[in-house]
Amino acid sequence: MAATPAAVRVAIIGCGGIASAHAAAYRALGPDLVPVTATADTVRHLADQRAAELGADFSSADYRAVLERQDVDAVDICLPHHLHAEVAIAAARAGKHVLVEKPMACTMAECRAMVGAADAGGVVLMVAQTQRYMPSYRGVRRLCASGELGTIRAVRFDSMQNAPDLLAKEHWLFDGRLAGGGIVISVSVHRLDLMRFLIGDVRRVLAITRRGTEPYRNGAEDYAAAILEFANGAIGEHFATYSGFRLPYSEMFMLLGSDGAVHALPPTGKGSGPAFFASRARQDAAARGKGWDGQFTGFLPVPPDAAGLPAGDNAFANEIAHFATCCRTGQTPDSSGEDNLGTMKAVFGIYRSAETGSWVELADL
Ligand SMILES: NC(=O)c1ccc[n+]([C@@H]2O[C@H](COP(=O)([O-])OP(=O)(O)OC[C@H]3O[C@@H](n4cnc5c(N)ncnc54)[C@H](O)[C@@H]3O)[C@@H](O)[C@H]2O)c1
Numbered sequence: 524m525a526a527t528p529a530a531v532r533v534a535i536i537g538c539g540g541i542a543s544a545h546a547a548a549y550r551a552l553g554p555d556l557v558p559v560t561a562t563a564d565t566v567r568h569l570a571d572q573r574a575a576e577l578g579a580d581f582s583s584a585d586y587r588a589v590l591e592r593q594d595v596d597a598v599d600i601c602l603p604h605h606l607h608a609e610v611a612i613a614a615a616r617a618g619k620h621v622l623v624e625k626p627m628a629c630t631m632a633e634c635r636a637m638v639g640a641a642d643a644g645g646v647v648l649m650v651a652q653t654q655r656y657m658p659s660y661r662g663v664r665r666l667c668a669s670g671e672l673g674t675i676r677a678v679r680f681d682s683m684q685n686a687p688d689l690l691a692k693e694h695w696l697f698d699g700r701l702a703g704g705g706i707v708i709s710v711s712v713h714r715l716d717l718m719r720f721l722i723g724d725v726r727r728v729l730a731i732t733r734r735g736t737e738p739y740r741n742g743a744e745d746y747a748a749a750i751l752e753f754a755n756g757a758i759g760e761h762f763a764t765y766s767g768f769r770l771p772y773s774e775m776f777m778l779l780g781s782d783g784a785v786h787a788l789p790p791t792g793k794g795s796g797p798a799f800f801a802s803r804a805r806q807d808a809a810a811r812g813k814g815w816d817g818q819f820t821g822f823l824p825v826p827p828d829a830a831g832l833p834a835g836d837n838a839f840a841n842e843i844a845h846f847a848t849c850c851r852t853g854q855t856p857d858s859s860g861e862d863n864l865g866t867m868k869a870v871f872g873i874y875r876s877a878e879t880g881s882w883v884e885l886a887d888l
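Per the numbering used here: the sequence shown ends with 888, consecutive numbering throughout.
This is the structure in structure tokens:
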């Protein structure tokens with residue numbers, strides 16, 4: 524493990540879109556906890572701007588320059604997906620802790636090499652799976668763990684948006700060679716990770732994907748449908764679209780147990796996370812009406828769980844604060860690289876199944 528400083532000094536590598544949300548989180552947490560000491564972006568003025576905004580003394584167009592610096596304890600990788608493994612491995616070899624944006628990388632071999640490099644370097648490797656750091660989802664997780672929902676029997680969840688409405692058609696996210704795929708690796712990865720966080724690992728998958736026309740290229744799929752079986756026996760259904768006609772960003776979600784159910788209240792794409800409503804046999808019997816109309820009553824809000832999340836609804840700040848704690852103490856992150864191998868197996872399992880037309884056992888990946 525690298526030296527244990529009072530503050531964890533961070534270099535942001537990649538100063539584009541999501542780095543804005545990370546920068547706001549660094550500002551919210553403050554320089555006593557996570558000072559940003561360096562930035563890097565091949566578009567030099569973006570690195571300079573981000574450095575000026577966050578009070579960093581050093582900026583560069585070359586990420587390797589920040590890895591050489593003594594005043595950098597950790598890197599925050601906000602790069603296109605095809606660069607995640609290369610930069611994370613170089614950082615771990617330089618003795619820097621690594622926070623890498625989702626998805627971890629573009630192949631299982633790359634993901635495993637990242638874990639190996641972090642272990643060899645004695646550094647923390649954490650994947651920025653933001654949804655794990657939202658109090659609303661933690662509330663659902665607590666409810667699942669409490670046993671009040673009984674045996675979890677099924678989940679239904681989706682990832683829906685119209686990306687061509689939001690991004691320039693040249694964007695790298697539309698290019699399968701740079702993104703590692705399409706909607707599944709870029710967006711479903713959030714939901715697959717969340718389902719694992721809520722109810723445990725996926726055992727096997729059967730999937731169909733469809734590739735879009737321009738701007739989608741080099742194999743990027745813009746539709747996917749998958750059936751999943753979880754290790755606990757629950758069955759799951761996932762639907763994803765990247766080009767739903769006039770479809771606002773939306774992430775629906777339904778979880779069915781033997782003694783209760785949880786539903787996200789739409790629309791769920793905006794803000795810091797969805798509100799959830801649950802119906803539970805033990806708690807809600809009195810609140811529930813009778814007959815046909817009664818079916819629509821008796822749902823109670825699921826209280827959010829902000830324990831260990833110092834920044835309330837700011838999931839990016841919660842995530843970065845957790846990363847800093849892990850760097851300082853050696854604690855294993857909730858979304859460690861090792862843990863996220865399971866999420867990436869679900870992603871690549873969907874891709875393999877779509878190619879072969881057969882069930883894929885994730886243990887084989
Ligand atoms: N958690 C979330 O909700 C969320 C949302 C959006 C994006 N992301 C993830 O964040 C990551 C970055 O996505 P983005 O939307 O910010 O992309 P972006 O294109 O806006 O930003 C990427 C930046 O990396 C820079 N860059 C490219 N190659 C580089 C190199 N070799 N060295 C240094 N800089 C380089 C680019 O110039 C650009 O400024 C991706 O992994 C993406 O999936 C996460």
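Every residue, glycine too, gets a C-beta built ideally from N, C-alpha and C.
Residue i burial status per 10 Å Cβ neighbour count (16 or more: buried)
{"i": "L778", "result": "buried"}
{"i": "E633", "result": "buried"}
{"i": "K619", "result": "buried"}
{"i": "Y858", "result": "Per the sequence shown, residue 858 should be read as Ser rather than Tyr. Buried, by the Cβ-count rule."}
{"i": "D716", "result": "buried"}
{"i": "H786", "result": "buried"}
{"i": "S669", "result": "exposed"}
{"i": "R852", "result": "In the sequence as displayed, the identity of residue 852 is Thr instead of Arg. Classification of T852: exposed, given that the 10 Å Cβ count is below 16."}
{"i": "N837", "result": "buried"}
{"i": "A830", "result": "exposed"}
{"i": "H568", "result": "exposed"}
{"i": "Q854", "result": "exposed"}
{"i": "N863", "result": "buried"}
{"i": "F768", "result": "exposed"}
{"i": "T866", "result": "buried"}
{"i": "R587", "result": "exposed"}
{"i": "P658", "result": "buried"}
{"i": "F819", "result": "exposed"}
{"i": "A847", "result": "buried"}
{"i": "T879", "result": "exposed"}
Reduced DSSP category for residue i - H, G, I as helix; E, B as strand; rest coil
{"i": "S781", "result": "coil"}
{"i": "F839", "result": "helix"}
{"i": "D828", "result": "coil"}
{"i": "A542", "result": "helix"}
{"i": "H761", "result": "strand"}
{"i": "D816", "result": "helix"}
{"i": "S858", "result": "coil"}
{"i": "A877", "result": "helix"}
{"i": "R592", "result": "coil"}
{"i": "Y656", "result": "helix"}
{"i": "F822", "result": "coil"}
{"i": "T503", "result": "As displayed, the chain neither begins before 524 nor continues past 888, which places residue 503 out of reach and without an answer."}
{"i": "R573", "result": "helix"}
{"i": "E609", "result": "helix"}
{"i": "V678", "result": "strand"}
{"i": "E671", "result": "coil"}
{"i": "S795", "result": "Bear in mind that a pLDDT of 48 at S795, under 50, signals an unreliable position, so the number given afterwards is only what the model happens to contain. S795: coil per DSSP, three-state reduction."}
{"i": "M649", "result": "strand"}
{"i": "E633", "result": "helix"}
{"i": "V710", "result": "helix"}
{"i": "R811", "result": "coil"}
{"i": "V566", "result": "coil"}
Identity of the residues DSSP links to residue i by a beta bridge
{"i": "V533", "result": "V559, A597"}
{"i": "E884", "result": "R727"}
{"i": "N685", "result": "S766"}
{"i": "Y746", "result": "R733, T764"}
{"i": "H694", "result": "DSSP, once it has assigned bridges, lists no residue as partnering H694."}
{"i": "S802", "result": "A784"}
{"i": "L622", "result": "D599, M649"}
{"i": "E752", "result": "R727, I758"}
{"i": "F776", "result": "F680"}
{"i": "R740", "result": "D698"}
{"i": "F581", "result": "A561"}
Whether residue i touches residue j by CB criterion (8 angstroms)
{"i": "I843", "j": "H607", "result": "no"}
{"i": "A651", "j": "V623", "result": "yes"}
{"i": "V595", "j": "R665", "result": "no"}
{"i": "G882", "j": "L672", "result": "A quick correction: the sequence has Trp, not Gly, at residue 882. Not a contact, by the Cβ cut-off of 8 angstroms."}
{"i": "V638", "j": "E884", "result": "no"}
{"i": "P827", "j": "V647", "result": "no"}
{"i": "T674", "j": "G759", "result": "no"}
{"i": "D745", "j": "G735", "result": "yes"}
{"i": "I706", "j": "Y765", "result": "yes"}
{"i": "K868", "j": "M631", "result": "yes"}
{"i": "A548", "j": "F753", "result": "no"}
{"i": "V559", "j": "I535", "result": "yes"}
{"i": "A886", "j": "I731", "result": "no"}
{"i": "D681", "j": "F762", "result": "yes"}
{"i": "A636", "j": "I600", "result": "no"}
{"i": "Y656", "j": "L832", "result": "yes"}
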